[in-house]
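Q: Numbering-wise, my numbering puts 58 at position 58 of the sequence shown, and it's gapless, one number per residue.
If you scroll down you'll find the structure; I have some questions about it.
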Amino acid sequence: MLFNKNTKYHSKKVLCDGIAFDSKAERDYYLYLKALEKAHEVKEFLLQPEIVLQEGFTYEGKRYRAITYTPDFLVTYPDGRQEYIDVKGFSTQQGEIKRKLYLFKGKIPLRWVAPSKKYSKMGWLDYDELRRLRRQAKRARES
1 MLFNKNTKYH
11 SKKVLCDGIA
21 FDSKAERDYY
31 LYLKALEKAH
41 EVKEFLLQPE
51 IVLQEGFTYE
61 GKRYRAITYT
71 PDFLVTYPDG
81 RQEYIDVKGF
91 STQQGEIKRK
101 LYLFKGKIPL
111 RWVAPSKKYS
121 KMGWLDYDEL
131 RRLRRQAKRA
141 RES
């Protein structure tokens with residue numbers, strides 16, 4: 001039986017340090033965090049922390065599973081601050097909904113980041129900022 005290594009979003013699963021990552025971008029951000037950790041700019045980070053957005057429940061005898069959101073990393077900084085990081089190549093409707101649900105009641109900041117060598121010297125940029133810059137560049141090309 002053949003195993004399709006592509007995900008439904010056409011990213012290739014990759015291995016690094018014995019960890020299977022859903023995409024090269026996620027692996028690259030992991031390596032970026034490891035470098036920050038070595039430079040003492042990050043205290044520690046966890047992979048794939050699960051956040052319960054809504055508990056499971058039973059309605060008229062039918063059981064409904066909990067709604068969860070699993071960002072790629074939970075980063076803790078030396079000053080004790082924490083933030084969730086989700087590496088995005090592009091967004092999906094489901095991802096946008098879960099993000100909004102988390103932002104409504106979440107206590108730890110959530111940031112979507114995207115790889116960008118064109119717009120960022122570090123190679124990483126806030127996802128919403130990247131979308132804004134791409135729209136701006138597209139408008140400039142069209143005029």
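Every residue gets a Cβ at the ideal spot worked out from N, C-alpha and C, and that includes glycine.
These numbers were taken from a predicted model, which means no experiment stands behind them.
Under 8 Å, do leucine 103 and valine 113 count as touching if we go by C-beta distance?
A: Here residue 103 is taken as the residue at index 103 of the sequence shown, counted from 1. Here residue 113 is taken as the residue at index 113 of the sequence shown, counted from 1. No, these two residues do not count as a Cβ contact at 8 Å.
Q: Reducing DSSP to helix, strand and coil, say where arginine 111 ends up.
A: Counting from 1 along the sequence shown, the entry for residue 111 is found at position 111. Looking at arginine 111 - three-state DSSP - the assignment turns out to be strand.
Q: Report the CB separation of leucine 110 from tyrosine 127 in whole angstroms; it is logged as a contact under 8 Å.
A: Here the question's residue 110 lines up with position 110 in the sequence shown. Here the question's residue 127 lines up with position 127 in the sequence shown. Actually they do not touch by this definition, with Cβ atoms about 11 Å apart.
Q: Is glutamine 94 helix, strand or coil when you go by DSSP?
A: In the sequence shown, the residue the question calls residue 94 occupies position 94. Correct three-state label for glutamine 94: helix.
Q: With a cut-off of 8 Å, do at least 3 Cβ pairs link the stretch 23-31 to the stretch 60-69?
A: At 8 Å Cβ cutoff, the stretches do not touch.
Q: Mind checking which residues open and close the alpha helix (DSSP H) that includes glutamate 26?
A: By 1-based counting over the sequence shown, the position of residue 26 is 26. First-last of the alpha helix (DSSP H) with glutamate 26: 24-38.
Q: Which whole-angstrom value is the C-beta distance of leucine 36 and leucine 74, which I expect to be below 8 Å?
A: By one-based count along the sequence shown, residue 36 stands at place 36. By one-based count along the sequence shown, residue 74 stands at place 74. So it is not a contact: roughly 14 Å between Cβ atoms.
Q: Hey, quick one: how far does the beta strand (DSSP E) through glutamate 83 stretch, first residue to last?
A: By 1-based counting over the sequence shown, the position of residue 83 is 83. That run of the beta strand (DSSP E) goes 82-87.
Q: Could you say which of Ser11, Ile51, Tyr30 lies nearest to glutamate 44 if we only look at CA atoms?
A: Position 44 of the sequence shown, counted from the start, is the residue given in the question as residue 44. Of Ser11, Ile51, Tyr30, the residue nearest in Cα terms is Tyr30.
Q: Whole angstroms are fine: how far does the CA of lysine 117 sit from the CA of glutamine 48?
A: Working through the sequence shown from its first residue, we reach residue 48 at position 48. Working through the sequence shown from its first residue, we reach residue 117 at position 117. Straight-line Cα distance between these residues: approximately 25 Å.
Q: Taking the alpha-carbon positions, what's the threonine 76 to lysine 34 distance?
A: Locating residue 76 in the sequence shown gives position 76, where the first residue counts as 1. Locating residue 34 in the sequence shown gives position 34, where the first residue counts as 1. When rounded, the distance between both Cα atoms is 12 Å.
Q: Beta-carbon within less than 7 Å of leucine 53's beta-carbon, same chain only, minus the 5 sequence neighbours each way: which residues are those?
A: Against the sequence shown, residue 53 aligns to sequence position 53. For leucine 53, where only same-chain residues beyond five positions count, the Cβ hits under 7 Å are Ile67, Thr68, Tyr69, Lys98, Leu101, Tyr102.
Q: Counting C-beta neighbours from all protein chains within 10 Å, is the total for leucine 15 16 or more, i.e. buried, or is it exposed?
A: Here residue 15 corresponds to residue number 15 of the sequence shown, with the count starting at 1. When all chains shown are included, leucine 15 counts as exposed.
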